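Chains as they are written, first to last, in the working numbering: chain A, 120 to 725; chain B, 120 to 725.
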């Protein structure tokens, strides 16, 4: 099937018209952003299509192999990683002093999208690498930064995040790996699972960031420290030495993302422990992880719609090509291409509208990450930080949950051919399924949204964001363009629903907490649906103004049509979520645990 | 993980209390039904758990192999098929004169559910076999029946349905395979794809039912005939002779259902054609297919929730076992099993409530199939036939679409472990994905529902069914049991929504057909959601009466609680579908086809 082509026009539009790239370019250090923007989009698009996309299917098919502790990545990965590094993509957001380009987070939106759409298995490498770089940059000593970051940015080495243990998945408080001090370093022992690119053949060294406990550490979340544990020891001059006491014990056979090895790592199997270096202060490891969590969760949200966009493009190409059945509305006996069938068209629009809304909401959130870090005015920084913190669980949770459904839609368009692996679309259905799980399941995101983001400030941030949305919705509803007006009105309804439900939740959170959390996932989705609708309404207003100003670019009319579809098909979900949450939260815990299996044992009937 | 245990208690309840098994047992020929019912459920349950379930995972892992035209099925399949046949399961609904048990279709509900829950790949064999038996029984000559059916029932031979060709998937009018008369038989040439169990090692012969065109046949749907084409020729004495000119050219590498080979079959590759025997009259093949279609579509609907129930059981077992995170509502630092987390509980209830509603609606439809065939009173037969025809696309479309989401929910409960194939839950996520595709995609079901079932009699049948639902809903809403009352009220709202949308669709079907069909799938889902809610309300009323009568069986209270959850969480979807259909149908075809790719090409700025 057709290969991936990055949606550069929509990316440009969202960056310029919705995500305020001009504003971001006024932040200190980001002055070059608008100058390089178009060429970055173009080069990333051609790298994605030219280098990563051709390796996607073979990576899925061949996967990674594990023999005697060594992992071989899929054909072409090693070479692609070198090209990726040489082109400077690893260092995009990394400060120039470490060899990076020092560009804003905002540009991670489109570039991450392109890497993940073209090859999510490959993209998981740089994504985790980025986490390791950030961890050292934000929490490491100056010596550590100088020693480890430049080689991570150049692609000579790669980085990993070693968090999960069998008993410590969502609950990192349960980490058991140990770190015992010995001279200037620590000896690390323990087992970590699900370590992405924990072992591979793409670089000469691997820098593991590992969570472990000191001997005297308190139990729970406040007793976890973070360590740098290299695969091969590095001396002060930066020269590689002996192998550290770290082994890869195996890789997982997964549903998808077969391009990236998912490793079980053992520390201290060979001797008394792997040599590790404490990052930052002892017992603050989990706190450091949380600093990086926004970026990581943002990235996974982007992965969701990136994979969905790839699936959308494939299903669109197939729908334009596959001839089957006659047109429902004509009496002609000629068979038509299936894109002419209303139900196929609905599935295409459903994908397109959702993807564009997710893209817009994600990039807008990324821009706020930049403002939150760099805006000179503290009040501005605070406002953006609050917005980001509210939106991160929404971007992560909504974009990924939504994208599973979208990939399933794309597969459906292929009919029987969709179920055959040869076609390729089944890969996206398998690949995307991980995104609601890693970096915190949707349930964890919803817990964060309701338990921390909504309740913590008594709904102040949520209310402020709803006010901003309402102002835009009112402006749209007052438009002279009939479509924009309808979009604005639908959005106003959606916001009213969200406000009503938020208030209801806030009230209940003070009483029966289980009830408040029972429908936290539908609540998270409601946020996504409405905030996505907000961005689509903003987009529609911009486009209506362009058209009114005489601009003939058909992109603008298409965007308004897509936003209109979003309003009637996607925003309308609010009506369901509201009733589910308000009427149904009390019905979630009612059935006692032991009643779940009463359906099995036969009754004796005379 | 835990193995499958058939939900025998719920099956019993649905058969006796909702699907009128007593009434079915009064139909001519079905008098033994109630006597054998419990033992059939029990034996089928133990066959499913004891024989089929243990082969499910290995069948997925090892799959089928194809070497030199021969297909080897997964380990244990051959032996299991013999046991299945010997136990009489193939012949369950087949008349005694052909060696069957002559039991009602209604019993296919629970038995099919058990075969498919325990091992869908295996179950696809008997399912297609059943289709071939029915085709010959309904349309064949007496000689053909005597010659072919007994060995299909005994398991000595198996049957297949050869419909699909590369250019003829949903659109069977495009079938090109040819049949040229020669003496008392025909010579068949052509290629068929996606043929389930088209070749295998489980039986000594395979009886293919093949759609093909006679030389003088008219184009389109009215020029297709049906032929019996055995793999090995059989003489009049029933002795096997030479191999026919039929070969298996390969098997598909699929997303799931790896237990069953999906074959490409070539007829007439070796010589002038495969010998085939015309079934019934020439040019009526498609018509014959449609006679069997209700049963086949019903079966796939059952497959959907069967696989979902297996996934549900696994996720329930995992949720009861996996310890992670502390309870949201207590201040204890003890970690709890994840079943205690409200969001996990919501996902479990979501699965349970949906599965029970689908089971009830399906079995009730199966009972109507029996009444439609066998009721002595023609008016009763007609009423049931109309109900069946309306419900079949709903059972097929809704149960399968719904079940994809349910299997995804089950996987989500496993967290990271769900993404690892070893756990087994990913298999259900892959397996279930075929069910919205084969035997007519959901789009085809929805086309059938709106274009034929709703419009054909100007909504008369739909209105009659809604009246029946309304009577039950009113009875529930008048209940003294507060939960049943709430369920009845929610159902009344759902029915009102369905009625409003149906009327809207009926009006539009007379005008803009594309608009009427644009949201036919959401309309089908709305039917499923409401009709499922109807059965749950009926169930709740029965249970409330039992409880009021002093019955202490906790099953009854659990059913009411589950029905209440269904009302608030599932029925509430109606509010969304209504707005999507009425507000959104006009937005589906608006975007011109060539505007779909405007998002890609960059605008030149500056």
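Each residue gets a CB set at the ideal place from its N, CA and C atoms; glycine is no exception.
Remember, predicted model here, so these are calculated numbers, not experimental data.
**Message:** Given this structure, state the Cα-to-Cα distance separating residue 341 of chain B from residue 236 of chain B, to the nearest angstrom.
**Reply:** 38 angstroms
**Asked** Span of the beta strand (DSSP E) holding residue 362 of chain B?
**Response** 359 to 362
**Request:** Under 9 angstroms between beta-carbons, which chain B residues line up against residue 684 of chain A? List them in chain order, please.
**Result:** 703, 706, 707, 709, 710
**Asked** Quick one, which of A:450, A:439, A:447 has its alpha-carbon nearest residue 467 of chain A's?
**Response** A:439
**Request:** For residue 243 of chain B, name the three-state secondary structure that DSSP assigns.
**Result:** helix
**Cβ pair residue 573 of chain B, residue 505 of chain B closer than 9 angstroms** = no
**Asked** The alpha helix (DSSP H) with residue 175 of chain B in it runs from where to where?
**Response** 172 to 181
**Item:** residue 503 of chain B - DSSP class collapsed to helix/strand/coil
**Value:** helix
**Asked** Do residue 270 of chain B and residue 311 of chain B have their C-beta atoms within less than 9 angstroms of each other?
**Response** no
**Asked** Looking at residue 421 of chain B and residue 558 of chain B, is the spacing between their C-beta atoms short of 9 angstroms?
**Response** no
**Prompt:** Which chain B residues are close to residue 437 of chain A, counting only those with a beta carbon under 9 angstroms from its beta carbon?
**Reply:** Correct list: empty, because the minimum Cβ distance to chain B is about 12 angstroms.
**Item:** Straight-line gap, residue 185 of chain A to residue 184 of chain B (C-alpha atoms, nearest Å)
**Value:** 25 angstroms
**Request:** Please determine, among B:671, B:327, B:551, B:636, the residue with the shortest C-alpha to C-alpha distance to residue 383 of chain B.
**Result:** B:327
**Message:** My assumption, with CB atoms under 8 angstroms, is that residue 646 of chain A sits in contact with residue 701 of chain A. Please give the rounded CB distance.
**Reply:** Between residue 701 of chain A and residue 646 of chain A the Cβ distance is about 15 angstroms, and since that is not below 8 angstroms, they are no contact.
**Limits of the beta strand (DSSP E) - the one that residue 396 of chain A falls within** = 393 to 398
**Prompt:** Hey, how far is the Cα of residue 725 of chain B from the Cα of residue 660 of chain A?
**Reply:** Unreliable placement is indicated for residue 725 of chain B, whose pLDDT of 48 sits below 50; no coordinate value is reported for it.
**Asked** Along chain A, in chain order, which residues have C-beta atoms closer than 7 angstroms to that of residue 86 of chain B?
**Response** Examination of residue 86 of chain B is not possible in this model, given that chain B is present from 120 through 725 alone.
**Prompt:** Are the C-beta atoms of residue 442 of chain B and some chain A residue less than 9 angstroms apart?
**Reply:** yes
**Request:** Please confirm if the region 223 to 230 of chain B is in contact with the region 151 to 163 of chain B, defined as three or more CB-CB distances below 8 angstroms between the two stretches.
**Result:** yes
**Item:** Residue range of the unbroken beta strand (DSSP E) whose run includes residue 443 of chain A
**Value:** 442 to 445
**Item:** Contact with chain A by residue 223 of chain B, beta-carbon distance below 9 angstroms
**Value:** no
**Asked** Near residue 462 of chain B, which residues of its chain fall below 6 angstroms by C-beta distance, leaving aside the five closest residues on each side in sequence?
**Response** none
**Asked** Can you name the residues of chain B whose CB is closer than 9 angstroms to the CB of residue 174 of chain A?
**Response** The premise fails here: residue 174 of chain A is roughly 19 angstroms from chain B at the closest Cβ pair, so nothing lies under 9 angstroms.
**Prompt:** Along the region 557 to 568 of chain B, what residues have a CB closer than 9 angstroms to any CB found in chain A?
**Reply:** 557, 560, 561, 562, 563, 565, 566
**Request:** Name the two residues that bound the continuous alpha helix (DSSP H) containing residue 469 of chain B.
**Result:** 461 to 493
**9 angstroms Cβ cutoff, residue 429 of chain A in contact with chain B** = no
**Asked** Which full runs of the beta strand (DSSP E) of 3+ residues lie inside the region 589 to 626 of chain A, going along the chain?
**Response** none
**Request:** Could you have a look at residue 334 of chain A and say whether DSSP puts it in helix, strand or coil?
**Result:** coil
**Message:** So for residue 525 of chain A, helix, strand or coil by DSSP?
**Reply:** helix
**Prompt:** Using the beta-carbon of each residue, which ones in chain A are nearer than 7 angstroms to residue 541 of chain B?
**Reply:** 372
**Asked** Between which two residues does the alpha helix (DSSP H) carrying residue 638 of chain A extend?
**Response** Premise fails: residue 638 of chain A is in no alpha helix (DSSP H) and is neither H nor E.
**Collapsed DSSP secondary structure at residue 456 of chain A in the structure displayed** = strand
**Request:** Run the CB neighbour count on residue 460 of chain A, radius 10 Å, all protein chains shown included, and call it buried at 16 or more, exposed below.
**Result:** buried
**Request:** Answer with buried or exposed for residue 410 of chain A, where buried requires no fewer than 16 other C-beta atoms within 10 angstroms of its C-beta.
**Result:** exposed
**Asked** Taking 9 angstroms as the CB-CB cut-off, is residue 479 of chain A touching chain B?
**Response** no
**Asked** Taking Cβ positions, are residue 650 of chain B and residue 513 of chain B nearer each other than 9 angstroms?
**Response** yes
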